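Residue numbers (the numbering used here), protein chains in the order written: chain E, 1 to 319; chain U, 1 to 436. Think of the CB as a built atom: it goes at the ideal place given N, C-alpha and C, for glycine as much as any other residue. In this text, all values refer to a predicted model and were calculated from it rather than measured experimentally. Structure first, commentary second.
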Amino acid sequence: MTNQTSNKQLMKQVGLSKSIVRSNRRSKATSFLFVLPYLLLFGSFLFFPLIYGIYISFHDYNLLSKDHVFIGFENYIRIFTPDTALSSLFFEGLLKTFQFVIFSVPLLVIVGLGLALLLNSLPGKIRTFFRTVYFIPYAISVSVISIIFLWILDTNSGLLNNYLMQLGFDPVPWLTKQPFAWISLVLATVWWTIGFNMIIFINALNEVPEDMYEAASIDGASAWQKFYRITLPSIRPIMLFVVITSTIASFNVYGQPYLMTRGGPGDSTEVLLMGIVQQAFEQRELGSASAMAILMALIMIIVSVIQFKVSNATNKGGA
Amino acid sequence: MVRNKKWLISLLSVFLILVLAACSGNSGASGDDGEDTNGSDSSNSSDSGSTETQEISFWAPFSGADGPFMKKIVDDYNASQDDYQVDFQIVPQTDYYKTVDLSFNGGDNTPDVLIMHGDQIFTYSEKDILKPLDDILGGDVTAAQYHERGIEGATVNGEIYGLPLDIHPLMFYWNKDMFEAAGLDPEQPPTNREEFIEYAQKLTNADKNEYGYVVPTLWPQQFIFPTLVAQNGGELYTDGEVNFTAPEVVEALQFQRDLIAEYEVSPADVQQDGEVTLFLQGRNAMHLNGPWMLQQWVDAGMNFGVAPVPQLGTEQEAVFANSHNFVIPESVDDAKIDGILNFLRYVGDNTLAWAESGQAPAAKATYESDAFQEVNIQSPQVAKQFDDVVFSPDVENWGLAVDPLMEEINAALLGQSGVEEALQEAQDKASQSLEE
Numbered sequence: 001m002t003n004q005t006s007n008k009q010l011m012k013q014v015g016l017s018k019s020i021v022r023s024n025r026r027s028k029a030t031s032f033l034f035v036l037p038y039l040l041l042f043g044s045f046l047f048f049p050l051i052y053g054i055y056i057s058f059h060d061y062n063l064l065s066k067d068h069v070f071i072g073f074e075n076y077i078r079i080f081t082p083d084t085a086l087s088s089l090f091f092e093g094l095l096k097t098f099q100f101v102i103f104s105v106p107l108l109v110i111v112g113l114g115l116a117l118l119l120n121s122l123p124g125k126i127r128t129f130f131r132t133v134y135f136i137p138y139a140i141s142v143s144v145i146s147i148i149f150l151w152i153l154d155t156n157s158g159l160l161n162n163y164l165m166q167l168g169f170d171p172v173p174w175l176t177k178q179p180f181a182w183i184s185l186v187l188a189t190v191w192w193t194i195g196f197n198m199i200i201f202i203n204a205l206n207e208v209p210e211d212m213y214e215a216a217s218i219d220g221a222s223a224w225q226k227f228y229r230i231t232l233p234s235i236r237p238i239m240l241f242v243v244i245t246s247t248i249a250s251f252n253v254y255g256q257p258y259l260m261t262r263g264g265p266g267d268s269t270e271v272l273l274m275g276i277v278q279q280a281f282e283q284r285e286l287g288s289a290s291a292m293a294i295l296m297a298l299i300m301i302i303v304s305v306i307q308f309k310v311s312n313a314t315n316k317g318g319a
Numbered sequence: 001m002v003r004n005k006k007w008l009i010s011l012l013s014v015f016l017i018l019v020l021a022a023c024s025g026n027s028g029a030s031g032d033d034g035e036d037t038n039g040s041d042s043s044n045s046s047d048s049g050s051t052e053t054q055e056i057s058f059w060a061p062f063s064g065a066d067g068p069f070m071k072k073i074v075d076d077y078n079a080s081q082d083d084y085q086v087d088f089q090i091v092p093q094t095d096y097y098k099t100v101d102l103s104f105n106g107g108d109n110t111p112d113v114l115i116m117h118g119d120q121i122f123t124y125s126e127k128d129i130l131k132p133l134d135d136i137l138g139g140d141v142t143a144a145q146y147h148e149r150g151i152e153g154a155t156v157n158g159e160i161y162g163l164p165l166d167i168h169p170l171m172f173y174w175n176k177d178m179f180e181a182a183g184l185d186p187e188q189p190p191t192n193r194e195e196f197i198e199y200a201q202k203l204t205n206a207d208k209n210e211y212g213y214v215v216p217t218l219w220p221q222q223f224i225f226p227t228l229v230a231q232n233g234g235e236l237y238t239d240g241e242v243n244f245t246a247p248e249v250v251e252a253l254q255f256q257r258d259l260i261a262e263y264e265v266s267p268a269d270v271q272q273d274g275e276v277t278l279f280l281q282g283r284n285a286m287h288l289n290g291p292w293m294l295q296q297w298v299d300a301g302m303n304f305g306v307a308p309v310p311q312l313g314t315e316q317e318a319v320f321a322n323s324h325n326f327v328i329p330e331s332v333d334d335a336k337i338d339g340i341l342n343f344l345r346y347v348g349d350n351t352l353a354w355a356e357s358g359q360a361p362a363a364k365a366t367y368e369s370d371a372f373q374e375v376n377i378q379s380p381q382v383a384k385q386f387d388d389v390v391f392s393p394d395v396e397n398w399g400l401a402v403d404p405l406m407e408e409i410n411a412a413l414l415g416q417s418g419v420e421e422a423l424q425e426a427q428d429k430a431s432q433s434l435e436e
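Given below as structure tokens:
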């Protein structure tokens, strides 16, 4: 892959012949056709709803009212007016979502990479078996995951506490006391989604040229040095991808707290998306709910850009 | 190479056309749900007097075990006469009000008659979406044919907006095997607070992880807490204001906290559905929940009893309830009213099938009949509570007040905040939310 890109750069520097330009144009048209079906679906199911959401967020849009009055930035202003119910719904929800992101993303990345390294060191057939095993939870819906964990973690009748008590420990209130409630939600999330990150890391690890490791071995590098000096720098772009997608996925956390803790104990796990859904479909206030959702998307974009910049900066600094 | 590409492009265009066709096909399909309705709309308004069969579309959220019972009633009705054809559509419960709202918002594809929970009627009537029924009732169908509390639950500012299908109050369930093992009469549930606490203590054996009454900390507190407040003679909403710090309300929460901390008949740290799990496992002897739980106990093969909720409060018998009601959208054409009433009259006279689901119909013709007393062990017990039911207060966005209340009840029952400070917090949050 690195060879190919350097070849292209070389060709650019040398200057391309006209025939290549022409065939490039035609292949661009062909590749556009390849993208078109996705573009249509993207347009109708993501882009258009997004624009429509922005439009709604500028209106007083109660689902049951006939007129939806244009009110400009009023919904946004209400969110940023301190001590209103809407602003506390948004900012308290945001705070809890941030907590979840901070707790879950490092684990999702580290455990994903760890599993990938572990599987890669296994012999072929066993590797395929375990790769499937670890990936299966990812294919299960969040409702099923939540029910499984509700049963395992039940304070008074759950599997885990049963084992703990037999070993002589006190039962742990997994879902009804902090910090256990966060630990449980992160645990369930890691178990559920880790397969995806793992598969991506496995592919990235396979892309690292074998001869680099051989050369390092000849130079007498230790396993840790090989990991730190060869593996990590080689998979850096994939790492960035995994960090950003995991962050976005964790930002969108909804099903696990909604089904497992119902936002409790108290309101300590009531994440932002729960507030938005409540505002939209219990209060039927689509205008302010859309404004909250747009703000949430903006925050996610900002966070992703920061991650990208930071990663690039350290990349340059390192190189 | 070039030929390959042409081939590829033509393949792609075919694919694209297919995708586009599929897209437009989809949008057509999504409109399909209501196509019958639309078709009947036009045909009926033009020739309502003709002998041709009139179609009535009917929506309900009965996507659970109760669906087939309503389906049977509708099928029987359609078979019983030729003038009207009811087109029954079950909308999944979780999406029900979303779907209803969107159909009203779009203005087309709305049902002619639909099921609405009692606690939703206020909000919809305020938005002028529902037809007031006072002028329509009086002929074959009258309010007097239903239990008066049911009609009350569907009445806003003196106007009737719905006819009750059923009233579903909180119920009391107990495990007869555990009663027997504790030396209690398995046919004799407690009737007041003293008996309840006494029984609960006898039934509790914390060493064996067995409890007399496991206190839920989340759902169904939405039913339990208002029941206790009403039994204490209190109200959650008085004179246009939330009333969460009134002594009756504080007592309702303190009593539940005492069951955990003082009487120790419940474990601490009960999670969502934790009390249900323990009840199913035979380690929770007494349980408060809605009548919709019946099938779960039956499926689990439990030896259980069901009765009206004992008087756990200090003042009076009372029980919190919600209800299913038939409502008619304001937009429905007058030409259809006769058909809808004909259907509702039939349902009122023939709701025994609905009672088979464990619910208690609010139509007197059914709940006063002898057959109803025998229909199952639960429904007659549900109907016994009809006289004592209380409903959600008529407040727009009452959910905004209930949410903080439930969060604080959760924190207090988990022992993470004091009873009075929790209710003060809930009071502050709820009044702020309702003010805006």
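Under the Cβ distance rule, residue 370 of chain U does not count among the residues neighbouring chain E, no pair being separated by less than 9 Å. Not flagged as an interface residue toward chain E: residue 254 of chain U, since no C-beta distance is shorter than 9 Å. Taking 9 Å as the cut-off, the Cβ atoms of residue 212 of chain U and residue 203 of chain U count as close. Contact of residue 281 of chain U with chain E by beta-carbon distance below 8 Å involves 157. Per DSSP, residue 169 of chain E lies in no beta strand (DSSP E) and is assigned neither H nor E. Relative to the Cα of residue 321 of chain U, the nearest Cα in the group U:221, U:249, U:343 and U:156 belongs to U:221. Residue 305 of chain U is positioned such that its CB atom lies closer than 9 Å to that of residue 377 of chain U.
Taking all protein chains in view, the Cβ of residue 66 of chain E is surrounded by fewer than 16 other Cβ atoms within 10 Å, so the residue is classified as exposed. With a threshold of 9 Å between beta carbons, residue 399 of chain U makes contact with chain E. Look at residue 429 of chain U: its C-beta is under 9 Å from a C-beta on chain E. Using a Cβ-Cβ distance cut-off of 8 Å, the segment 167 to 185 of chain U and the segment 279 to 298 of chain U are in contact, since at least three pairs of beta carbons, one from each stretch, lie closer than that value. Here residue 433 of chain U is buried: its Cβ has 16 or more other Cβ atoms, across all protein chains shown, within 10 Å.
In terms of beta-carbon proximity, residue 261 of chain E lines the interface with chain U, with at least one pair separated by less than 9 Å. Put simply, the backbone Cα of residue 307 of chain E is about 42 Å away from that of residue 418 of chain U.
Within chain E, the residues whose beta carbon sits less than 8 Å from that of residue 274 of chain U are 154, 155, 156 and 157, listed in sequence order. If you draw a straight line from the Cα of residue 190 of chain E to the Cα of residue 112 of chain U, it is about 47 Å long. The contact set of residue 270 of chain U on chain E, defined by CB atoms closer than 8 Å, consists of 155, 156 and 176 in chain order. Within 10 angstroms of the beta-carbon of residue 163 of chain E lie fewer than 16 other beta-carbons, which makes it exposed. Using a Cβ-Cβ cut-off of 7 Å, residue 129 of chain U is close to 64 of chain E, given in chain order.
Put simply, the CB of residue 272 of chain E is far from chain U, with every gap to its CB atoms at 9 Å or more. The C-beta separation of residue 362 of chain U from residue 164 of chain U comes to about 4 Å, placing the pair in contact by the 8 Å criterion. Under the Cβ criterion of 9 Å, residue 217 of chain U is counted among the residues facing chain E.
Taking C-beta separations shorter than 7 Å and ignoring five residues to either side along the sequence, the partners of residue 86 of chain E in its chain run 78, 79 and 288, following chain order.
Judged by DSSP secondary structure, residue 169 of chain U falls within the beta strand (DSSP E) whose first and last residues are 162 to 169. Around the beta carbon of residue 100 of chain E, 16 or more other beta carbons lie within 10 angstroms, which makes this residue buried. Here the alpha carbons of residue 357 of chain U and residue 65 of chain U stand approximately 8 Å from one another.
Where residue 124 of chain E is concerned, the enclosing alpha helix (DSSP H) starts and stops at 124 to 135. Non-local C-beta neighbours of residue 294 of chain E in its own chain, meaning closer than 8 Å and more than five positions away in sequence, comprise 53, 54 and 57, ordered along the chain.
Sixteen is the threshold: when 16 or more other Cβ atoms of the shown chains lie within 10 Å of the Cβ of residue 386 of chain U, as they do, the residue is buried.
The residue from U:273, U:268, U:229 and U:267 with its alpha-carbon nearest to that of residue 252 of chain U is U:229. Inclusion of residue 120 of chain E and residue 202 of chain E in the CB contact set at 9 Å is warranted, their separation being smaller than that value. One alpha carbon belongs to residue 196 of chain E, the other to residue 132 of chain E, and they sit about 11 Å apart.
Under the 10 Å beta carbon count, residue 333 of chain U is surrounded by fewer than 16 other beta carbons and is classified as exposed. Annotation: residue 191 of chain U to residue 266 of chain U spans about 19 Å, alpha carbon to alpha carbon.
Annotation: residue 228 of chain E to residue 123 of chain E spans about 23 Å, alpha carbon to alpha carbon.
Note on residue 295 of chain U: under 16 other CB atoms within 10 angstroms of its CB, so exposed under the neighbour-count rule.
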